[in-house]
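Take a look at the structure below.
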Amino acid sequence: MAKPRKTSPTAPKPLDRLDDCRSVASPSRQITLWPDRLEETAQGALVRRIAIEAVEEVRLSVEPSGIGAKDPAQIICRVSAGDRTISFSSLRSTGILKWENQADRFALFLREVHGALKEREDVAYVEGAPLAAKLKAFLPALGVGVAGTVLAGWAFTAGQIVIGLIGLVPAVTGGYSAWIFRPLGEKTYDPAKFG
């Protein structure tokens, strides 16, 4: 039988922790900020670890909330180093269609993450969702808008006014949604705002 490991009194302590759960289907995760690393654990097992000196990008984005959330949007932070990304959110899933707003706790944790990175000058601080996430919202909306436009155009030329008016609904909503989610260039932000 293995003996329990003794921790020395000078062992580093975590700077902060945040509980996160992105959906009811995924396990609850704990994001822990140590003086030299950021760790993601699920059910006590290490999932991902990123050394503070390896962090290349911190990305903040406002994205739609999960289904059933009272808040229309959530803030997601993605900390990346190479092909590894640890993400955490201002909303936490607590069950089917149940979400806990942990924006206050999220803001404190975010401040600690920015504080741990303040000496690093080579970290990119970016606003907005990654291109892949933007395309997941933009392309379906564009498809709905184009389909509605084609339907309305065909119906009006065929003299089917009612069907043409019905086709205008997805044309307008799809077009508007595609405009909202259109992929734009990345915008940087000042990390001192969180200091």
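Quick note: the sequence shown, position 31, residue 31 per the UniProt record's numbering, numbers continuous.
C-beta atoms are modelled at their ideal positions from N, C-alpha and C, and glycine is treated no differently.
List the DSSP bridge partners of Ala42. Arg29, Ala45
Whole-Å CB distance - Ala51 paired with Arg37, under 8 Å assumed: 5 Å
State yes or no: is the C-beta of Ala103 within less than 8 Å of the C-beta of Leu142? no
Less than 8 Å separating the beta-carbons of Val22 and Ser89? Checking the sequence, you will find Arg at residue 22 rather than Val. Contact: yes.
So, with DSSP's three-state summary, where would you put Glu53? helix
Determine the burial state of Gly159: buried for a count of at least 16 other Cβ atoms within 10 Å of its Cβ, exposed for fewer. exposed
Please say whether Ala147 and Pro170 have beta carbons closer to each other than 8 Å? yes
Cutoff 8 Å; reference Gly68; Cβ partners in own chain excluding five residues on either side: Ile96, Leu97, Lys98, Trp99
In its own chain, which residues sit with a C-beta less than 7 Å from the C-beta of Gln74, not counting the 5 before and 5 after it? Glu63, Ser65, Ser89, Ser90, Leu91
Counting C-beta neighbours from all protein chains within 10 Å, is the total for Lys187 16 or more, i.e. buried, or is it exposed? exposed
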